[in-house]
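Peer 1:
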Amino acid sequence: VDFGGALRAPGAGAATAPAYAAPEIVAGELPAPAADLYALAATTAFLLTGVAPQVGAPWGAVLTSAGLGRLERVIRGGLTWDPIGRPRTAGEFAARLRDAAAMDVPTGTVTSVLFGTGGSAAVLAAATAVVRDAGGHLVDAVSTPEGTALAVFSAARAAVDAAFDVEQLSGAGTAVHAGDLGGWHGATVQQLANDAVALRAGTGAGVVCSPPVRMLLGSDDRFHFDRVGNGFAVRLAAAAQPAATVAGDRSADRASNWVAARRSVPIVGREAELRLAQHVIEQGRAMGRSAVLVVVGEAGMGKSRLLAEVAHGAAERGDRVLVGRCTESGGAFEPLLDALGDDALTLPGGQVERDEEGWVDRRRFFRSISDALRTAAPRHVLVLDDVQWIDGSSLALLQHLVDELHGSFSVVAGRRHTAAAPLIEQLTGATRIEVGPLSAAHLAELAERSEVRLDDAALRSLHSLSGGSPFFTLQLLQRIAVDDNPLVDERRLTAGVRDWILQRVDALGSAVRETLVPAGVIGGRFEVVTLADVIGVSPLEALSHLDLATGAGLVMEGEYPGEYRFVHAIVSTSLAESLSATRRALLHGVIAERLERSSDAAEQREAALHHWFEAERMGNPLHAADLAAELADQATERLAHERARAILDRALEVLETAPPGAERDRAESRLRVAQGRAAFLASDLDVAMEQVFLAADLAERGNDGQALAEAALVASLSRRHGRDDPELLRLLERAIDRCPAEPAVLAAMLHVRRARLLPATVEHHERSRMARRALAYVDRMSRVDRATVETEVARACWGPDDAAEREAITSRHIAEAERELEHGQASRWTGVMIEALNHRAGARVQLGHLRAALADADRAAQLAYEAGSTFLMTRVMMGQAMIHTTLGNDELAERLAADAVAQSDRHNLVLVQMTISYAIRRDRGEQAELARLESALGSLIDRIPLFMSAFALVHAEAGQLDDARRLLAELQTMTPWPRNWLWLAGNVASLEAAVLAGVEPLITNYAAVLRRYSGQWALGGAELLCFGPVDRVLGLAAAAKGDTDEARRLLTAARRVAEAEGAAPWVRRCDEALATLEGGAG
């Protein structure tokens, strides 16, 4: 098999299949034997899996699923991005493959678990099952103490989880140790077993682990570690931490550690800047406004050191100091999450559908954060580093905090000079502080503090070489001190910071450089496990290289074992830029793949996306687009539309580097759908509609039915502003025609939205028939999707005859949601619960259970408030107001309606407020004034039968019988009315108007129609209007017909239920009717 590359004619480069080409070949370098080794490893991977090992290809997963995972490390060793890390010859590569294939346990870095059995065969059998289920291997061919057994795992987390399960079985003490097994530089299984035996000795019951295991677990916060002997006692974090631990304490600890680490180096020459910072903060507090300081300077000029000094001074004065950092990969509200902690800044997301009112939801979310800060401490100083990378959503939250917390909140931020306009300086009242180079006199002071003696010539040389950079100066002084040379020799130093850093790295050896350069591309912070995976060595081998770099002052340990960070961004940037642009882009692609494969955590995926973007065409632009759309949708759900739109703009740029075709159209359509969602959240409705219609065109061109369906569903959100849009209706119809079978919820929701978007002229039974088509798909859905769809269908089909059915369906959904939410966190079931409670409240009002309905509405409102959904909350608030109006709580009803409209000016909320005002004013006897509104509202009344009935009634009650008869006559020309959620209330109002106006034929007709609803209440929608018990109006009709006994029976029944539910206005109306009846009879 010819697995190598070939030289073309002189100067023409190399010829090889792209999927098998080494990175250096792709970068344009000439072929070398190491490139042949890369192609051999790629060919081997393809022969074993059928998948070419291109960036993003799942060949490793295929290998593992085929039971050949022990070969993966060897193959990856041949696929390293740097030629030096590959085997020297094809024979060596083949030998490593043979050795790995002969192993009956995993190779590479493995984690061993030594556990006690007490000699019990039952314990051993149960433990063996635990090990096997966790993906481990029980090893027989080793010598361990009597009554113990050894298992080996590929993953440290799986090993520790299994260790806890096994320890529960035996209680005899379990040791977990990690090391390199097999291959080159690896230990034997017996050596690992001996180490585990030594670790377990004398520890007693419980789980212990070695330092390498602690490192491999990294930031896993499920475990708590206590130092014991040469290892750690491991406990589950839930049992280890007291309930009193609060997020605020952790935030304070993080801030304190950050300040202390940066104050460990001296600061000189910044007295004027510190005085200015102090003055700005004090002046802001004196004037009752938030101080905003932005420290600006080139890399290495001591910005972070100055921030730390300001923070230290604030803490000394009793301020609560919080510290957050921005990174190049970013994330929604990243610096605030870093400063406050995940617990204190719980981001909403995934509970309810966000719509064009998401900005209102965000305003409430922001207010909850400012309220929490106000409660936590009287004064705060927020320190933010590297804000040249701050995202727009974080900036919006910062502006809110600056505005809301006034003089009790100060922001102190640091940023580098950038070509782009600095977002942070858009904050109200921002004061800029420039930090420039230090003078020679200040460098002399630094040298003195570092105990380095310099003469004038050496000092001038040092100043010239360092450019007055505090960081570079301290690095040079450290080098001089280590070399035990009290004088600076200009000839021994390179010109320029980057060259000098690379010289220091080279002095540590090629292996260290080949470890640090990829680390520099990863970024300022990195995990050993990720770095090792990228460069194709074991984590323990990478750690040995990092130990040398730590000793040289280039990197330091991070916030948790297994994390490292460069001492300064200059170091990581210099290392990354030592690569050619092409090789750097290739490495970004490798890093992105490894990060995405290693964890589903949001932070890891954000970092992976950053590296996919940096890789551009050398990575996988199509995959980057899909990941960007997913992360942008998450940002939109979390009310961070600026972040979402920034991600999507960059993704569209990167996608341009992909070859044109259907796949690119498909990827772009999904990006445009996500753009539409984000624009809706920002209330940028025109842009939102433009994006989703463009997405629909691309989806159709790319034959992507799912993207077309998603575009249509996002576009249908605009209907909530009351737009009848034929073009939108046609889009939904096209989407239904091309919607894929799965996921079934898409097709179902398309049918529901289409039914709800039909013109008002379509009869209700036709609308209901279309909506019910969605129910054909529910058997293929998850339970939460099924509940969502059934709720949507019930709302679309709401009619006067299904109140009992609606109560039963919604009760089932509520019970399901309660079970799901009982032990879990807020989720999509929260949205199901809110909608179901709201719909059940409406059904219960119609069935006459007003108190139960109010309990449902109150509960729904609380859930909507907690979920941060203004759309749902304001709708539920109107339902509360309608019920309170029915109960006679007029002031509370008016306040609820006004509050809802204050939060959202949706036209339908204003309409509902009008109906609530109508009901209250009727109770107050203001019928004449209400009647005069008919001419003012004009065509609005003419189009809606319920409103015509309502105004016919107030005309009749005001004695304006001709006007009442006019409206009743006009209503007859509109029959048959749509038998929808407004039908019952409209007919009841018309019957009462006909009774008062003496229109006998209509009394007969309406009464005949309404008798089947005896015992119910005349509800118009879930939030609109209630005309009281149907029996009351039937009683009035019976009295008008002269049937006194029937009238008395009906009115008495209506009064009884109104009194039982506490509906005072309807008790009074029934009493008045009964009194009139008795008076007439007397």
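Position one of the sequence shown corresponds to residue 1 (my numbering), numbered consecutively onward. Glycine included, each C-beta is placed from N, C-alpha and C at the ideal position.
1) Have a look at 371, 174 and 959 and flag the residue whose alpha-carbon is nearest the alpha-carbon of residue 193.
2) Could you tell me if residue 1075 is buried or exposed, where buried requires 16 or more neighbouring beta carbons within 10 angstroms of its beta carbon?
3) Go to residue 621, then tell me how far its alpha helix (DSSP H) extends in each direction, as first and last residue.
4) Can you list the alpha helix (DSSP H) stretches of 4 or more residues lying completely in the segment 647-698, in chain order?
5) Would you mind working out which of 900, 331, 367 and 749 sits nearest residue 603, comparing C-alpha positions?
6) Verify whether the separation of the beta carbon atoms of residue 234 and residue 223 is less than 8 Å.
7) May I ask whether a heavy atom of the ligand FMN can be found less than 7 Å away from the beta carbon of residue 584?
8) May I ask you to report which of helix, strand or coil DSSP gives residue 463?
9) Given a threshold of 16 other Cβ atoms within 10 Å of its Cβ, counted over all protein chains shown, does residue 236 qualify as buried or as exposed?
10) Do you know offhand how far residue 471's Cα is from residue 557's?
11) Would you say the segment 686-704 touches the segment 730-746, given that touching needs at least three Cβ pairs under 8 Å?
12) What are the boundary residues of the beta strand (DSSP E) that includes residue 1029?
13) For residue 275 and residue 379, what's the separation of their Cα atoms in angstroms?
14) Take the Cβ of residue 384 as the centre, count every other Cβ of all protein chains shown within 10 Å, and call the residue buried at 16 or more, exposed below.
15) By how many angstroms is the C-alpha of residue 624 removed from the C-alpha of residue 718?
16) Just reading off the alpha helix (DSSP H) that residue 865 is part of, what are its end residues?
17) How is the alpha helix (DSSP H) around residue 810 delimited, first residue to last?
18) Let me know the secondary structure DSSP gives residue 1084 once reduced to three states.
19) Ends of the alpha helix (DSSP H) at residue 878?
20) Residue 698 to residue 666, Cα distance in whole Å?
21) Please go through the segment 362-444 and give each complete beta strand (DSSP E) segment of 3 or more residues, from N-terminal end onward.
22) Select from 968, 304 and 85 the residue whose C-alpha is nearest the C-alpha of residue 1084.
23) By alpha-carbon positions, which one of 792, 877, 1065 and 561 ends up nearest to residue 232?
24) What is the DSSP secondary structure of residue 291, counted as helix, strand or coil?
25) Given residue 26, which residues of its chain have a CB within under 8 Å of its CB, disregarding the five upstream and five downstream residues?
26) Just grab the DSSP bridge partners of residue 1057 for me.
27) Taking all protein chains shown into account, do 16 or more other C-beta atoms lie within 10 angstroms of the C-beta of residue 503, making it buried, or fewer, making it exposed?
28) What residue range does the beta strand (DSSP E) around residue 174 cover?
29) Pull up the DSSP beta-bridge partners for residue 209, would you.
30) In chain order, what are the residue ranges of uninterrupted beta strand (DSSP E) at least 3 long that sit wholly in the segment 522-580?
31) Any idea what DSSP makes of residue 265, helix, strand or coil?
32) Return the chain-ordered list of same chain residues with a C-beta closer than 6 Å to the C-beta of residue 81, the five sequence neighbours on each side being excluded.
33) Taking only the alpha-carbon atoms, compute the straight-line gap between residue 567 and residue 839 and give it to the nearest angstrom.
34) Which residue or residues does DSSP assign as beta-bridge partners of residue 952?
35) For residue 681 versus residue 846, is the C-beta distance shorter than 8 Å?
36) How about residue 251 and residue 340: do their beta carbons lie closer than 8 Å?
Peer 2: In brief:
1) Residue 193 has its Cα closest to that of 174, out of 371, 174 and 959.
2) Around the CB of residue 1075, fewer than 16 other CB atoms lie within 10 Å, so the residue is classed as exposed.
3) For residue 621, the uninterrupted alpha helix (DSSP H) segment begins and ends at 621-637.
4) As for any alpha helix (DSSP H) of minimum length 4 sitting wholly inside the segment 647-698, the runs are 662-681, ordered along the chain.
5) Ranking 900, 331, 367 and 749 by Cα distance to residue 603 puts 331 first.
6) For the pair residue 234 and residue 223, the CB atoms are nearer than the 8 Å cut-off.
7) As far as ligands go, the structure on display features none, and thus does not contain the ligand FMN.
8) Helix, per DSSP.
9) The C-beta of residue 236 has fewer than 16 other C-beta atoms within 10 Å across all chains shown, which makes the residue exposed.
10) Those two C-alpha atoms are separated by around 18 Å.
11) Result yes; three or more Cβ-Cβ pairs closer than 8 Å.
12) Secondary structure note for residue 1029: its beta strand (DSSP E) is the uninterrupted segment 1025-1029.
13) Residue 275 and residue 379 have their alpha carbons spaced roughly 20 Å apart.
14) Counting other Cβ atoms within 10 Å of its Cβ, residue 384 reaches 16 or more and is therefore classed as buried.
15) So the two alpha carbons sit approximately 29 Å from each other.
16) From DSSP, the alpha helix (DSSP H) with residue 865 extends over 850-867.
17) First-last of the alpha helix (DSSP H) with residue 810: 803-822.
18) An answer regarding residue 1084 cannot be provided, because it is not within the stretch 1 to 1082 covered by the chain.
19) Taken as a continuous stretch (DSSP letters only), the alpha helix (DSSP H) holding residue 878 covers 870-887.
20) In this structure, the straight-line span from the alpha carbon of residue 698 to that of residue 666 is close to 7 Å.
21) Counting whole runs of 3 or more residues, the segment 362-444 contains the beta strand (DSSP E) stretches 380-385, 409-416 and 430-434.
22) Nothing can be reported for residue 1084, as the shown portion of the chain is limited to 1 through 1082.
23) It is 561.
24) Looking at residue 291 - three-state DSSP - the assignment turns out to be strand.
25) For residue 26, where only same-chain residues beyond five positions count, the Cβ hits under 8 Å are 18, 582, 586 and 618.
26) Per DSSP, none; premise fails for residue 1057.
27) So residue 503 counts as exposed.
28) Per DSSP, residue 174 belongs to the beta strand (DSSP E) from 174-181.
29) Bridge partners of residue 209: 176 and 232.
30) Whole beta strand (DSSP E) segments, 3+ residues: 525-527, 555-557 and 563-566.
31) Of the three classes helix, strand and coil, the one that applies to residue 265 here is coil, per DSSP.
32) Correct list, in chain order: 23, 587 and 590.
33) Roughly 59 Å between the two C-alpha positions.
34) For residue 952, DSSP assigns no beta-bridge partner whatsoever.
35) By the CB criterion at 8 Å, residue 681 and residue 846 fall outside the cutoff.
36) With respect to residue 340, residue 251 sits close: the two C-beta atoms are nearer than 8 Å.
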